[in-house]
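Input: a single structure, listed below in structure tokens.
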Amino acid sequence: MLTMNEPMGRAALARKVLPYALLSPAVLVTLAIVFFPMIQAAWMSLHDYILWKPKDFTFVGLKNFATALGDEVFWISLKHTVIWIALTIPAQLLLGLATALLLNQEFPWRPLARALVIIPWALPSVVIALMWVWIYDANYGILNEFMLRLGLIKASVPWLADPDTALYAIILTLTWQGFPFFAVMILAGLQSIPKSYYEAASLDGASTLRQFWHITLPGISGVLITAVLLRTIWVANSIDVIFVMTGGGPGYATYTLPLYAFIKARTNLDFGYGSSLAVLFTLMLLGLVVVYLRRAGRGID
Amino acid sequence: MPKLVSVALALGLLAGTAAAQADETVRFWYHFDNADNPMSELVAKFEAENPGIKIEAENIPWNSYYDNLYTSIVAGNAPDAAMVKMFAQPRLVEMGALEPIGDRIDAWEGKADLQDNLLNLAQASDGNSYYLPVQYVVLYLYYRQDMFEELGLEVPKTCDDFRDAAIKLTRDTDGDGQTDVYGFGFRGGKGGHDHWGSLVLSRSGVDFSKDSLGSEAGVAGSQWVVDLFQKDKVFPPSAPNDGFKEVTGAFKAGKTAMTIHHIGSSNGMVEALGDAVSAAPVPECGGGHWTAFGDESTAIFSSAQNKDAAWKWISFLSSEGNNKEFNMATGQLPVTKSDSENWTLHEKRFVDATVGSLPFANLLPNTPETSDFVNTVWPVNMQRALTGEITAEQMNAEINKLYNP
Chain A
3 MLTMNEPMGR
13 AALARKVLPY
23 ALLSPAVLVT
33 LAIVFFPMIQ
43 AAWMSLHDYI
53 LWKPKDFTFV
63 GLKNFATALG
73 DEVFWISLKH
83 TVIWIALTIP
93 AQLLLGLATA
103 LLLNQEFPWR
113 PLARALVIIP
123 WALPSVVIAL
133 MWVWIYDANY
143 GILNEFMLRL
153 GLIKASVPWL
163 ADPDTALYAI
173 ILTLTWQGFP
183 FFAVMILAGL
193 QSIPKSYYEA
203 ASLDGASTLR
213 QFWHITLPGI
223 SGVLITAVLL
233 RTIWVANSID
243 VIFVMTGGGP
253 GYATYTLPLY
263 AFIKARTNLD
273 FGYGSSLAVL
283 FTLMLLGLVV
293 VYLRRAGRGI
303 D
Chain B
61 MPKLVSVALA
71 LGLLAGTAAA
81 QADETVRFWY
91 HFDNADNPMS
101 ELVAKFEAEN
111 PGIKIEAENI
121 PWNSYYDNLY
131 TSIVAGNAPD
141 AAMVKMFAQP
151 RLVEMGALEP
161 IGDRIDAWEG
171 KADLQDNLLN
181 LAQASDGNSY
191 YLPVQYVVLY
201 LYYRQDMFEE
211 LGLEVPKTCD
221 DFRDAAIKLT
231 RDTDGDGQTD
241 VYGFGFRGGK
251 GGHDHWGSLV
261 LSRSGVDFSK
271 DSLGSEAGVA
281 GSQWVVDLFQ
291 KDKVFPPSAP
301 NDGFKEVTGA
311 FKAGKTAMTI
321 HHIGSSNGMV
331 EALGDAVSAA
341 PVPECGGGHW
351 TAFGDESTAI
361 FSSAQNKDAA
371 WKWISFLSSE
381 GNNKEFNMAT
391 GQLPVTKSDS
401 ENWTLHEKRF
411 VDATVGSLPF
421 ANLLPNTPET
431 SDFVNTVWPV
441 NMQRALTGEI
451 TAEQMNAEIN
461 KLYNP
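If you read the sequences in order, they're chains A and B.
Heads up: the first sequence begins at 3 in the working numbering, then just goes up one per residue.
Heads up: the second sequence begins at 61 in the working numbering, then just goes up one per residue.
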């Protein structure tokens, strides 16, 4: 590379090196707290490593992965993860889209409504989880009370204790928590669409529906795709709400893959197997991450 | 998640080397549910009596107490001493994390004041003593005296009586066609193995040895519990997920007529229900009697730098007067004979139920598998059995598989 004797000189060299020097603390910190643990997790997944047997760290190759593929709970958790993502994301998206379209209309108190809608997103997950545990409570919950009075159900339903309803009850909670993210992102997208497009369209006699289809949707499609990708990764990984609401129960009814990995590692202290579950899930998510990075990269260029 | 844990480990290592301990500091971990805990007063008293020793007492949340303890040990940043339960002992011994304190206990003047048998119960399977008892409880049956009287029922002595009473106590009290009171508040979530134990492990010949739970008596026990929920419907419908908070809450609110817990909740129960709540030993089931012994000890870790100071501190906590202070906060029972006499914190009927249950109080097997049994294997399989996803036989088979692979 460059040396002092070359004509570029000291100042030019400094200019070349300075950005890297300024970036290096961030890179070092990222390496230490993101990449090092990631590699460590991958390394652990190839070993028998149970935390309370610290002397026993035997290399077993892909045994943990083979065990996972033959593990009933792995498949149950995977199925739940798919349901979890496939229901939560569209529900959040549709609710967010509807909210954004509403908030984009002119009406009194609009700034207040825009501020209020962000509340579910701003609350800590643990608070949301505890709040919804109470809403769903079989004895005192407001949901049962409400449905009983309306005559929709004959007896209280233990929403979180029934394996048929528990996962969907949590999905509803997560939908409520996450839709403001979509609403705010989409609202920003809506406001970037020039008013003149709509004026031109209405002059040409386009109906509201056609305006939505041909102007609004194309106008926000970029925002939509980025938001869906980001949110899918977040929702797929999120275990806090499930952990607080049911801890995975009853039985395996609300186990998702990240939760299963967490319980295996943290509660059963089986770090080898827990890591292999986490690595497997990371590989599955990697496809999404690649798509996202490509889009993000294009944005920067 | 392992990522996060590794970070914790890495940071723990850094902290451990960076903060070289001052010569006479004892780092102590404990867990109190009670918000107004007296640890600071006990620390102040100890530090006044032992100049030169500083106690850094840290209250660690119960839900992640052992996760934090194990990871801190692996990271080389373990506390010097901590509150510990028996179920964790086999793992801690396996990790080589505990300091044997048998000689110190033998030489200690407070030894004679400890309740009989507590030291034996706390002994490790390798014959060493690592634990010094600091409090104890025994689980017994809470019941609503007023409801029993109203229906003319006797306190159940056997499982048959118990089922009979639970069915009668499950009632629609306001005539709207819905059950308002359930006979028994069963804990199907984590920690509920004690309930199951009283109803199943009591049966003669049923324990954790090979194929015992798979035997006819073993399966019949779990099936009986499942039937109470599915057929007799004497547990609240939320039972599969219910933990301590839900079970005691429902009992205090009059939603259940019986439940099983220890003396630690008695003051709260009396506050809510007054004389309407009473207690008795759990019923005898299938020819035997079993209830859970709730132990709590203190231990010194082998990595401690000031073992003498740590011993002074933990033996201080198990000495006359101090042990009383300690248990006033935790709501459990003192381990010293002197503090047990004239014990006025709990009402007599609950102390009597505790003492009456001692003869058949048991600990879970003293093996490393017990942690997994308590944390995942029991709750998951009990919940699946209660909700009909697996049979009682499959549930018992899973537990048998854990203990006898």
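By construction, the Cβ of each residue, glycine as well, lies at the ideal position given by its N, Cα and C atoms.
By the rule that beta-carbons nearer than 8 Å mark a contact, A/S158 touches chain B.
Between B/N441 and B/I450, the C-beta spacing is below 8 Å.
Secondary structure of A/Y199 (DSSP, three-state): helix. Scanning its chain for C-beta atoms nearer than 7 Å, with the 5 sequence neighbours on each side dropped, one finds around B/F420 the residues H349, W350, T351, in chain order. Counting only residues of its own chain and dropping the five nearest sequence neighbours on each side, B/P193 has a CB closer than 6 Å to the CB of L178, A182, S357, V395. In this chain, A/I35 is not harboured by any alpha helix (DSSP H), its DSSP state being neither H nor E. Of all residues in the segment 132 to 155 of chain B, only V134, R151, E154, M155 place a beta-carbon less than 7 Å from a beta-carbon of chain A.
Residues of chain B with a Cβ closer than 7 Å to the Cβ of A/W54 are, in chain order, Y130, R151, E154, M155, P428. Taking a contact to require three or more Cβ pairs closer than 8 Å, the segment 207 to 220 of chain A and the segment 241 to 248 of chain A do not qualify as touching. The CB of B/V86 never comes closer than 9 Å to any CB in chain A; the least such distance is about 24 Å. Sequence-ordered contacts of the segment 226 to 248 of chain B with chain A read G237, Q238, T239, G248 [C-beta pairs closer than 9 Å].
The DSSP-derived three-state label of B/K250 is coil. For A/A70, the enclosing alpha helix (DSSP H) starts and ends at 65 to 71. Of B/N188, B/K367, B/C345, the smallest CA-CA separation from B/R87 is found for B/K367. Contact with chain A is found for B/A299, since one of that chain's Cβ atoms lies less than 8 Å from the residue's Cβ. Fewer than three Cβ pairs drawn from the segment 320 to 332 of chain B and the segment 277 to 286 of chain B lie within less than 8 Å of each other, which leaves the two stretches out of contact.
By the neighbour-count criterion, in which 16 or more other beta carbons inside 10 Å mark a residue as buried, B/N180 falls on the exposed side. Spatial neighbours of A/V135 in its own chain (CB-CB distance under 6 Å, excluding positions within 5 residues in sequence) are listed in chain order as M247.
Contact residues of the segment 120 to 148 of chain A toward chain B are A140, N141 (C-beta to C-beta distance below 7 Å). Under the three-pair Cβ rule at 8 Å, the segment 271 to 282 of chain A counts as touching the segment 40 to 50 of chain A.
Annotation for B/E109: no residue places its beta carbon closer than 7 Å to its own, counting only its chain and skipping 5 residues before and after. Between A/R268 and chain B, the shortest Cβ-Cβ separation is below 8 Å.
Excluding sequence positions up to five before and after B/W256, its CB lies within less than 8 Å of the CB of S282, V285, W438, M442, all in the same chain and listed in chain order.
Taking the Cα positions, A/G251 is about 50 Å away from A/A23. Measuring C-alpha to C-alpha distances from B/N188 to each of B/V153, B/C219, B/V215, B/Y202 identifies B/V153 as the nearest. Using beta-carbon distances, B/T436 counts as an interface residue toward chain A, with a partner under 8 Å.
With respect to A/T234, A/I91 sits close: the two C-beta atoms are nearer than 8 Å. For chain A, the residues of the segment 286 to 297 of chain B that bring a beta carbon within less than 7 Å of one of its beta carbons are P296, P297, in chain order.
By the criterion of a C-beta distance shorter than 8 Å, B/N435 is surrounded in its chain by K250, once the five residues flanking it on both sides are discounted. Counting every other CB atom within 10 Å of its CB across the protein chains shown gives B/G237 a total below 16, marking it as exposed.
For a Cβ distance threshold of 8 Å, residue set N141 of chain A lies close to B/K315, ordered along the chain.
Partner residues in the beta bridge of B/E356, as assigned by DSSP, are B/Q195.
Residue pairing from DSSP places A/F61 in a beta bridge opposite A/H49. Counted as a single uninterrupted DSSP element, the beta strand (DSSP E) harbouring B/F88 occupies residues 85 to 90. Think of a sphere of 8 Å around the beta carbon of A/T248: the chain B residues whose beta carbon falls inside it are N301, in chain order.
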